[in-house]
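A.B. asks:
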Amino acid sequence: MNFKSILIVLLLVGCSGIEELSDKREESFVDESSINPLPFISINTGGNLIVDDPKVSANLNIKRADSLIEAHQIGIEIRGSSSQMFDKKSYGFETWDENDDDLDAPLGGFPDEEDWILYGPYSDKSLIRNVLIYGLSNDIGQYATRTNLYELEINESFLGTYVLMEKIKRDKNRVDVSKNKEEDVSGGYILKIDKPTGDGQWYDDSFSFSSKFMPNGNIGQNKNTFFLYEYPNADDINDDQKNYIQNFIHDFENALASENFSSEQSGYQNYIDLDSFIDFFILNEVSKNPDGFRLSTFMHKDKGEKLKMGPIWDFNLAFGNVNYCNGASTEGWTHRFNEVCPNDTWLVPFWWNRFMEDPVFVSTLKERWNNLRTNLFSTSEVLQRITLIEEELKSSNAIKNNFSKWSILGEYVWPNDYIGNSYDDEINYLKDWTVKRLEWMDIEINNL
2 MNFKSILIVL
12 LLVGCSGIEE
22 LSDKREESFV
32 DESSINPLPF
42 ISINTGGNLI
52 VDDPKVSANL
62 NIKRADSLIE
72 AHQIGIEIRG
82 SSSQMFDKKS
92 YGFETWDEND
102 DDLDAPLGGF
112 PDEEDWILYG
122 PYSDKSLIRN
132 VLIYGLSNDI
142 GQYATRTNLY
152 ELEINESFLG
162 TYVLMEKIKR
172 DKNRVDVSKN
182 KEEDVSGGYI
192 LKIDKPTGDG
202 QWYDDSFSFS
212 SKFMPNGNIG
222 QNKNTFFLYE
232 YPNADDINDD
242 QKNYIQNFIH
252 DFENALASEN
262 FSSEQSGYQN
272 YIDLDSFIDF
282 FILNEVSKNP
292 DGFRLSTFMH
302 KDKGEKLKMG
312 PIWDFNLAFG
322 NVNYCNGAST
332 EGWTHRFNEV
342 CPNDTWLVPF
352 WWNRFMEDPV
362 FVSTLKERWN
372 NLRTNLFSTS
382 EVLQRITLIE
392 EELKSSNAIK
402 NNFSKWSILG
412 EYVWPNDYIG
422 NSYDDEINYL
432 KDWTVKRLEW
442 MDIEINNL
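Number 102 in our numbering belongs to position 101 of the sequence shown; there are no gaps in the numbering.
This is the structure we're talking about:
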């Protein structure tokens with residue numbers, strides 16, 4: 002912890018009333034009889050309303066069993082897109098210093114940074130889909146945001162179970178690409194395939210650029226694949242940097258669409274890190290993420306290196322938790338979404354169907370899948386991972402507390418396909434769905 006963080010902790014500990022912030026919980030929701038309670042985050046905004054931009058100043062305390070672990074000054078706002086319609090909100094926040102300036106801090110045991118997320122699972126009644134898949138990604142060597150489970154209160158109002166997460170950004174401990182400097186614009190970059198919004202405006206080329214290819218691989222006016230500037234972001238990126246990364250993506254797509262796309266000399270593999278694309282494919286397919294490949298899809302390129310996929314992001318609708326476009330079925334390829342829902346506004350780029358025409362991609366995919374199935378992706382290992390997270394929540398009374406606050410078990414929350422009457426129903430559905438999906442993947446991948 003750096004000097005400024007220590008100073009903030011000491012000042013906050015010395016403030017009168019710090020115990021009141023965490024102890025005035027809503028008794029009707031919180032069962033504190035657990036032997037192993039989750040750590041508790043208490044946020045106090047001093048009466049200010051949290052909105053979707055700008056961030057408001059607040060104090061954040063992390064406690065376990067009424068013992069203060071950390072205290073930070075933060076700026077907090079509501080985050081999310083479709084999730085903002087839910088009563089249980091998610092939040093983005095920055096750790097700040099005494100002047101409300103950004104301050105890197107080692108929050109919750111994670112490496113120093115300033116940008117954080119408190120994600121509130123709501124439509125995902127298992128509470129763990131993102132935690133599950135991010136853990137799998139990290140364990141197979143592909144960075145995904147680290148996660149920890151907490152119970153949360155804001156301004157003395159208990160809000161249930163939340164996931165503390167790292168925001169995706171350039172950092173040596175997150176997406177480890179070089180700082181992009183004017184004298185060498187070759188890296189690093191972070192891009193995101195997503196809806197091209199900027200200040201509420203659609204199709205604003207200051208925030209993104211589009212593919213020259215339609216989702217079917219033909220040249221045309223494409224309104225489906227947009228690459229958003231994440232790093233350098235839209236406010237900081239200059240014209241030379243834009244030209245470089247746009248040309249790189251266009252050259253990659255031209256190579257992939259060409260007749261010689263699989264050529265070692267001139268093909269697409271000259272532009273991409275194949276292993277990262279394979280792992281990204283597996284993680285999105287094993288979970289059948291309906292937004293996979295077409296939305297919330299990050300990629301990055303470091304100086305002197307090829308394009309890498311990831312980090313993976315946003316899996317609350319995955320693992321059969323969606324009632325459209327055959328998303329709940331344990332069968333069917335996610336990357337072939339366009340065949341199932343051709344009229345959707347946001348379609349999967351032509352890349353993935355094209356990759357599957359390359360014997361090298363297919364053979365590499367088979368080898369990687371079968372290796373993973375012998376250890377980290379074995380059915381027993383994946384089920385054990387789910388069980389361990391489930392037991393952490395159950396032993397802490399977090400499940401009881403969350404669904405006392407949010408009485409949604411047995412009720413439809415968009416876009417649920419399965420609606421369990423209890424938490425056990427929800428977690429058993431997740432396990433059963435995952436087992437069937439793994440079995441389907443075994444057959445389909447090895448038959449490619």
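Cβ coordinates follow ideal geometry from the N, Cα and C atoms, glycine included.
#1: Determine the direct distance from the alpha carbon of Trp353 to that of Lys243, and round the result to whole angstroms.
#2: I'd like the list of long-range same chain contacts for Met166, defined as Cβ closer than 6 Å, with 5 residues on each side in sequence excluded.
#3: Report the residue from His251, Gly305, Glu332 whose alpha carbon sits nearest the alpha carbon of Pro291.
#4: What residue from Gly411, Leu150, Asp206, Tyr92 has the CA that sits closest to Leu39's CA?
#5: I'd like to know whether the C-beta atoms of Tyr413 and Tyr430 end up nearer to each other than 8 Å.
#6: Count the other C-beta atoms from every protein chain shown that fall within 10 angstroms of the C-beta of Gln266, then say buried if there are 16 or more, exposed otherwise.
#7: Tell me which residue opens and which closes the beta strand (DSSP E) that Val436 is part of.
#8: So Leu229 and Phe208 are in contact, right, with Cβ under 8 Å, and what is the actual spacing, rounded?
#9: Please state the DSSP three-state secondary structure of Asp185.
#10: In this structure, what does DSSP give as the bridge partners for Lys517?
#11: Shortest alpha-carbon distance to Glu286 belongs to which of His336, Asn255, Asn317, Met310?
#12: If you draw a straight line from the alpha carbon of Lys173 to that of Ile42, how long is it in whole angstroms?
#13: With distance defined between alpha-carbon atoms, name the residue in Asp433, Ser263, Ser364, Asp116 nearest to Asn448.
#14: When burial is assigned at 16 or more other CB atoms within 10 Å of the CB, is Met86 buried or exposed?
#15: Rounded to the nearest angstrom, how far is the Cβ of Pro350 from that of Pro216, given a contact under 8 Å?
#16: Output the distance between the C-alpha atoms of Asp140 and Ile313, rounded to the nearest integer angstrom.
#17: Can you tell which of Lys89, Asp67, Ala59, Ser82 has the C-alpha that lies nearest to the C-alpha of Trp407?
#18: With DSSP as the reference, please indicate the residues paired to Lys309 in a beta bridge.
#19: Just grab the DSSP bridge partners of Ile279 for me.
#20: Determine the direct distance from the alpha carbon of Ser288 to that of Arg438, and round the result to whole angstroms.
#21: Within its chain, find whatever has a CB closer than 7 Å to the CB of Lys367; leave out the 5 residues flanking it on each side and keep chain order.
#22: For the candidate residues Ser211, Phe278, Asn239, whose alpha-carbon lies nearest to that of Ile250?
#23: Assess contact between the region 187-197 and the region 292-301, defined as three or more Cβ pairs (one per stretch) separated by less than 8 Å. Is contact present?
#24: So, is Gly188 buried or exposed, given that buried needs 16 or more other C-beta atoms within 10 angstroms?
C.D. replies: Taking the definition as stated:
#1: As a first step, residue 243 must be located in the sequence shown, where it is residue number 242. As a first step, residue 353 must be located in the sequence shown, where it is residue number 352. Straight-line Cα distance between these residues: approximately 25 Å.
#2: Counted from its first residue, the sequence shown places residue 166 at position 165. Cβ within range, chain order: Ile118, Tyr120, Thr146, Thr148.
#3: Sequence index remark: in the sequence shown, residue 291 carries index 290 (1-based). Answer by Cα proximity: Glu332.
#4: Taking the sequence shown and counting its residues from 1, the one referred to as residue 39 is at position 38. Closest by alpha carbon: Leu150.
#5: The sequence position of residue 413 within the sequence shown is 412, counting from 1. The sequence position of residue 430 within the sequence shown is 429, counting from 1. No, they are not a contact pair.
#6: What you label residue 266 is simply residue 265 of the sequence shown in a count that begins at 1. By the 10 Å Cβ count, Gln266 comes out exposed.
#7: In the sequence shown, residue 436 corresponds to position 435, counting from 1. Counting along the chain, Val436 falls outside any beta strand (DSSP E), though it belongs to the alpha helix (DSSP H) covering 424-447.
#8: Translated into positions along the sequence shown, residue 229 becomes position 228. Translated into positions along the sequence shown, residue 208 becomes position 207. That pair is a contact at about 6 Å.
#9: Here residue 185 corresponds to residue number 184 of the sequence shown, with the count starting at 1. Strand at Asp185.
#10: What is shown of the chain runs 2 to 449, which leaves residue 517 out entirely.
#11: In the sequence shown, counting from the first residue as 1, residue 286 sits at position 285. Of the candidates His336, Asn255, Asn317, Met310, the one whose C-alpha sits nearest the C-alpha of Glu286 is His336.
#12: As a first step, residue 173 must be located in the sequence shown, where it is residue number 172. As a first step, residue 42 must be located in the sequence shown, where it is residue number 41. Answer to the nearest angstrom: the Cα atoms are 26 Å apart.
#13: In the sequence shown, counting from the first residue as 1, residue 448 sits at position 447. Closest option to Asn448, Cα to Cα, is Ser364.
#14: Residue mapping note: residue 86 aligns to position 85 of the sequence shown, counting from 1. Flag for Met86 reads exposed.
#15: To locate residue 350, count along the sequence shown from 1; it is residue 349. To locate residue 216, count along the sequence shown from 1; it is residue 215. Right, their Cβ atoms sit about 6 Å apart.
#16: Against the sequence shown, residue 140 aligns to sequence position 139. Against the sequence shown, residue 313 aligns to sequence position 312. When rounded, the distance between both Cα atoms is 13 Å.
#17: Position 406 of the sequence shown, counted from the first residue, corresponds to residue 407. The shortest C-alpha separation from Trp407 is found at Lys89.
#18: Position 308 of the sequence shown, counted from the start, is the residue given in the question as residue 309. For Lys309, which the question treats as bridged, DSSP gives the partners His301.
#19: Translated into the one-based positions of the sequence shown, residue 279 becomes position 278. Paired residues: none, contrary to the question.
#20: Within the sequence shown, the letter at position 437 stands for residue 438. Within the sequence shown, the letter at position 287 stands for residue 288. If you take the alpha carbons of Arg438 and Ser288, they lie about 8 Å apart.
#21: As a first step, residue 367 is located in the sequence shown; it is residue number 366 there, counting from the start. Closer than 7 Å at the Cβ level, and outside the excluded window around Lys367, lie Ile446, Asn447, Leu449.
#22: Counting from one through the sequence shown, the residue named residue 250 turns up at place 249. Nearest C-alpha to Ile250: Ser211.
#23: yes
#24: Position 187 of the sequence shown, counted from the first residue, corresponds to residue 188. Gly188 should be labelled buried.
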